[in-house]
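Colleague:
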Amino acid sequence: MSSLTYKPRYSVLPEDVLSELNTRMLVDGFDYVLDLAGSNAANLIDARTGNRYLDFFTCFASTPVGMNHPAMIKPDFLDYLGRIAVNKPSNSDIYSEAMATFVKTFFTVAVPSEFKYGFFVEGGALAIENALKVAFDWKVRKNFAKGYIAERGHQILHFARAFHGRTGYTMSLTNTDPTKTNLYPKFKWPRVHNPSIKFPLDENNLAQVIAEEQLSIAQIKQAFIDNRDDIAAIIIEPIQGEGGDNHFRPEFFAELRKLADENEALLIFDEVQTGVGLTGSMWVHQQFGTTPDIMAFGKKMQVCGIVVTDRIDDIPNNVFHTSSRINSTWGGNLVDMVRATKYLEIIEEEQLLSHVQRAGHLLQSHFSKLTAEFPTIISNARGRGLFAAFDLPNADYRKAFLSKCFEKGLIILGCGERSVRFRPALNLTDENLHEGMGIIHSALEGM
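Residue 597 is where the sequence shown starts when you use the working numbering, and the numbers rise one by one after that.
Following this line, the structure appears as structure tokens:
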């Protein structure tokens, strides 16, 4: 940070950052202090020591092109970004050229043509909250039109091992780790089995996942019977991230689409973590051939929110035509919108989706070699693009492995009970990929 000339009145030195934070809050993250100015691409620099860490973490998959991409630190863009950052207008009521430019860029570069409406907010969980509100409003009004005189349509069908956030409604959906939801009041909404694929998808594993899909579908059908006209939506992460990088077959998504349509429920895809390119497509659901009615986004998009198809237009006074049904003061964050605009330009100009597809094949070849060399340690290697994971024998083994990786200069995370997840930047170089896999190999050898 030494290259930054402005010095706040109560500035804290790098060596004092953790102790200062510890006096006021729980500090249980990584033991390093990020040098915001000195870090670049996949290289994270510890401001205290100058030590370098290779980034396969990207702030929980929220940094699309690494640190300080050359296009992000050009003087003209920094001046533009800085001038906008001086003020924080309430985007829900006060409009600007920067906001309109973001919305135009977002719908031009990133949003599939099936989606008609957009809503922006700060936080992935709040994106999900508003997706649910769209569904509740739609379903209750549908029921009134059918003759109901009392509100009905207040439930959300969701899946085991789901993570959709830690606020309000979302805590009734999230079920990856009891620490995140215990002791907080929750709704008892229908929760069904998640029929995830075990890799490699050979004949035995295919038969197993088909049987699990049949179980899940039977549970869904029963839930609609038991809660007639009361389920507003089915929600699923197309790949369950926090729950263990759990993948599903395209055929299962097609069945969810059919079940939602048959039961007058909306289909919601939570692409907060899977969205914006790391799977090799802008949104991973584009690889499955099933379009949801609502898609939630966040993380790499910087701004969070939802996009919605015209399916809700069979209710003329839906939330996109009735003032204040969904809203927030900031309506997203204008500075985040400006940053997102530039990121989308970079993704388009540098053809990063194609790059991720190619790099993903390279990563899978590394996985194959690891699995062959450590067959009793590495299992269930899987991924789309650079959104990838493998399993280790147990949680304790994984904890020790992640610690060794950090000691050797690689930041990488776990997910689920015993998985290790890869969340590098879209523009990860081959050199950085080889380096990271070398560290992983060394850590495994040292276990």
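C-beta: ideal position from N, C-alpha, C; glycine also.
1. Could you name the residues of the same chain whose beta carbon sits closer than 8 Å to that of PHE986, not counting the 5 residues immediately before and after it, in chain order?
2. What residue range is occupied by the uninterrupted beta strand (DSSP E) comprising THR905?
3. Closest by CA to SER920, which one among ILE680, ASP689, SER615 and THR763?
4. Does DSSP classify ASP822 as helix, strand or coil?
5. With a floor of 3 residues, list each beta strand (DSSP E) that falls wholly inside the stretch 854-939, ordered by position along the chain.
6. For GLU867, collect the residues of the same chain with a Cβ closer than 8 Å to its Cβ; drop the 5 residues on either side in sequence, then sort them by chain order.
7. With a Cβ-Cβ cutoff of 9 Å, do ILE752 and LEU728 count as a contact?
8. Is the beta carbon of GLY956 sitting closer than 9 Å to the one on ARG994?
9. Note down, one range per segment and in chain order, each alpha helix (DSSP H) of at least 4 residues found wholly within the stretch 601-647.
10. May I ask you to report which of helix, strand or coil DSSP gives PHE759?
11. For PRO1020, which residues from the same chain have a beta carbon less than 6 Å from its beta carbon, with the 5 sequence-adjacent residues on both sides left out?
12. Quick one, are the C-beta atoms of VAL934 and VAL730 less than 9 Å apart?
13. With DSSP run on the structure shown, which of helix, strand or coil describes LYS684?
14. Return the chain-ordered list of same chain residues with a C-beta closer than 6 Å to the C-beta of LYS571, the five sequence neighbours on each side being excluded.
15. From THR972 to ASN800, what distance separates their C-alpha atoms?
16. Tell me, please, which residues DSSP counts as bridged to SER975.
17. With DSSP as the reference, label ASP992 as helix, strand or coil.
18. Should THR775 be counted as a contact of the ligand SAH given a C-beta to heavy atom distance under 8 Å?
19. Does GLN869 pass the burial test, meaning 16 or more other C-beta atoms within 10 Å, or should it be called exposed?
20. Measure the C-alpha to C-alpha separation of THR1121 and ASN913 and round it to an integer number of angstroms.
21. Mapping DSSP to helix, strand and coil, what is LEU1024?
22. Between the alpha carbons of THR654 and PRO660, how many angstroms are there, rounded?
23. Return the CA-CA distance between THR645 and PHE702, expressed in angstroms with no decimal places.
24. Cβ of ILE942 within 9 Å of Cβ of VAL872?
25. Measure the alpha-carbon distance for SER598 versus VAL903 and round it to whole angstroms.
26. Could you check what DSSP says for ALA1039 in three-state terms: helix, strand or coil?
27. Looking only at its chain, what residues have a beta carbon closer than 7 Å to the beta carbon of LYS938, apart from the 5 residues adjacent to it on each side?
28. Is TYR713 helix, strand or coil when you go by DSSP?
29. The beta strand (DSSP E) that contains VAL952, what's its start and end?
30. What's the call for SER615, buried or exposed, on a 16-neighbour Cβ count within 10 Å?
31. Would you please state the rounded distance, in angstroms, between the beta carbons of ALA861 and ALA814? I believe it to be under 8 Å.
32. For SER812, name the three-state secondary structure that DSSP assigns.
33. Identify which residue in ILE806, LEU650, LYS784 and VAL629 has its Cα closest to the Cα of SER792.
34. Using beta-carbon positions only, say whether VAL931 and ALA681 come within less than 9 Å of one another.
35. Between LYS1004 and the rest of its own chain, which residues show a CB-CB distance below 7 Å, the 5 nearest in sequence each way excluded?
Modeller: Judging by the given coordinates:
1. For the purposes of this step, residue 986 is identified with residue 390 of the sequence shown, where counting begins at 1. Answer for PHE986: PHE963, LEU966, THR967, ILE974, SER975, ASN976, ALA977, ARG978, SER1015 and VAL1016, listed in chain order.
2. Sequence index remark: in the sequence shown, residue 905 carries index 309 (1-based). Element bounds for THR905: 900-905.
3. Within the sequence shown, numbered from 1, the residue matching residue 920 stands at position 324. It is ASP689.
4. Start at 1 with the first residue of the sequence shown, and residue 822 comes out as number 226. In this structure, ASP822 counts as helix in the three-state DSSP scheme.
5. 862-866, 890-893 and 900-905
6. Against the sequence shown, residue 867 aligns to sequence position 271. These residues qualify, in order along the chain: GLU833, PRO834, TRP879, VAL880, HIS881, MET891, ALA892 and PHE893.
7. Translated into the one-based positions of the sequence shown, residue 752 becomes position 156. Translated into the one-based positions of the sequence shown, residue 728 becomes position 132. Taking 9 Å as the Cβ cut-off, ILE752 and LEU728 qualify as a contacting pair.
8. Within the sequence shown, the letter at position 360 stands for residue 956. Within the sequence shown, the letter at position 398 stands for residue 994. Cβ distance not < 9 Å, so GLY956 and ARG994 don't count as in contact.
9. Counting whole runs of 4 or more residues, the stretch 601-647 contains the alpha helix (DSSP H) stretches 613-618.
10. Locating residue 759 in the sequence shown gives position 163, where the first residue counts as 1. Looking at PHE759 - three-state DSSP - the assignment turns out to be coil, as it is neither helix nor strand.
11. Residue 1020 sits at position 424 when you count from the first residue of the sequence shown. For PRO1020, where only same-chain residues beyond five positions count, the Cβ hits under 6 Å are PHE652 and LEU982.
12. Taking the first residue of the sequence shown as 1, we reach residue 934 at position 338. Taking the first residue of the sequence shown as 1, we reach residue 730 at position 134. No, they are not a contact pair.
13. Start at 1 with the first residue of the sequence shown, and residue 684 comes out as number 88. Coil, per DSSP.
14. It is not possible to answer for residue 571, since the shown part of the chain is limited to 597 through 1043.
15. As a first step, residue 972 must be located in the sequence shown, where it is residue number 376. As a first step, residue 800 must be located in the sequence shown, where it is residue number 204. Their Cα atoms are separated by approximately 19 Å.
16. The residue you call residue 975 lines up with position 379 of the sequence shown. As a beta-bridge residue in DSSP terms, SER975 pairs with ASP987.
17. What you label residue 992 is simply residue 396 of the sequence shown in a count that begins at 1. Helix at ASP992.
18. Summarising the ligand content, the structure contains no ligands, and the ligand SAH is consequently not present.
19. Position 273 of the sequence shown holds residue 869. With 16 or more Cβ atoms within 10 Å of its Cβ, GLN869 is classed as buried.
20. This structure leaves residue 1121 out entirely; the chain is present only between 597 and 1043.
21. Counting from 1 along the sequence shown, the entry for residue 1024 is found at position 428. It is coil, neither helix nor strand.
22. One-based indexing of the sequence shown puts residue 654 at position 58. One-based indexing of the sequence shown puts residue 660 at position 64. Going by the C-alpha atoms only, they are around 8 Å apart.
23. Position 49 of the sequence shown, counted from the first residue, corresponds to residue 645. Position 106 of the sequence shown, counted from the first residue, corresponds to residue 702. Between THR645 and PHE702, the C-alpha separation is close to 39 Å.
24. One-based indexing of the sequence shown puts residue 942 at position 346. One-based indexing of the sequence shown puts residue 872 at position 276. Result no, Cβ atoms of ILE942 and VAL872 do not sit closer than 9 Å.
25. In the sequence shown, the residue the question calls residue 598 occupies position 2. In the sequence shown, the residue the question calls residue 903 occupies position 307. Note that SER598 scores a pLDDT of 43, beneath 50, so its modelled location is shaky and nothing firm can be said.
26. Working through the sequence shown from its first residue, we reach residue 1039 at position 443. In the structure shown, ALA1039 falls within a helical segment according to DSSP collapsed to helix, strand and coil.
27. Locating residue 938 in the sequence shown gives position 342, where the first residue counts as 1. So the list reads ALA667, MET668 and PHE673, once near-sequence residues are dropped.
28. Working through the sequence shown from its first residue, we reach residue 713 at position 117. Looking at TYR713 - three-state DSSP - the assignment turns out to be strand.
29. To locate residue 952, count along the sequence shown from 1; it is residue 356. VAL952 -> not in any beta strand (DSSP E); alpha helix (DSSP H) instead, spanning 948-969.
30. To locate residue 615, count along the sequence shown from 1; it is residue 19. Residue burial is scored here from C-beta neighbours: SER615 has fewer than 16 other C-beta atoms within 10 angstroms and is therefore classed as exposed.
31. By one-based count along the sequence shown, residue 861 stands at place 265. By one-based count along the sequence shown, residue 814 stands at place 218. Contact doesn't hold; Cβ gap of about 17 Å is too wide.
32. Taking the sequence shown and counting its residues from 1, one reaches residue 812 at position 216. Reduced to three states, the DSSP call for SER812 is helix.
33. What you label residue 792 is simply residue 196 of the sequence shown in a count that begins at 1. Answer by Cα proximity: ILE806.
34. What you label residue 931 is simply residue 335 of the sequence shown in a count that begins at 1. What you label residue 681 is simply residue 85 of the sequence shown in a count that begins at 1. Their beta carbons are under 9 Å apart, which means VAL931 touches ALA681 by this criterion.
35. By 1-based counting over the sequence shown, the position of residue 1004 is 408. ILE1035, SER1038 and ALA1039.
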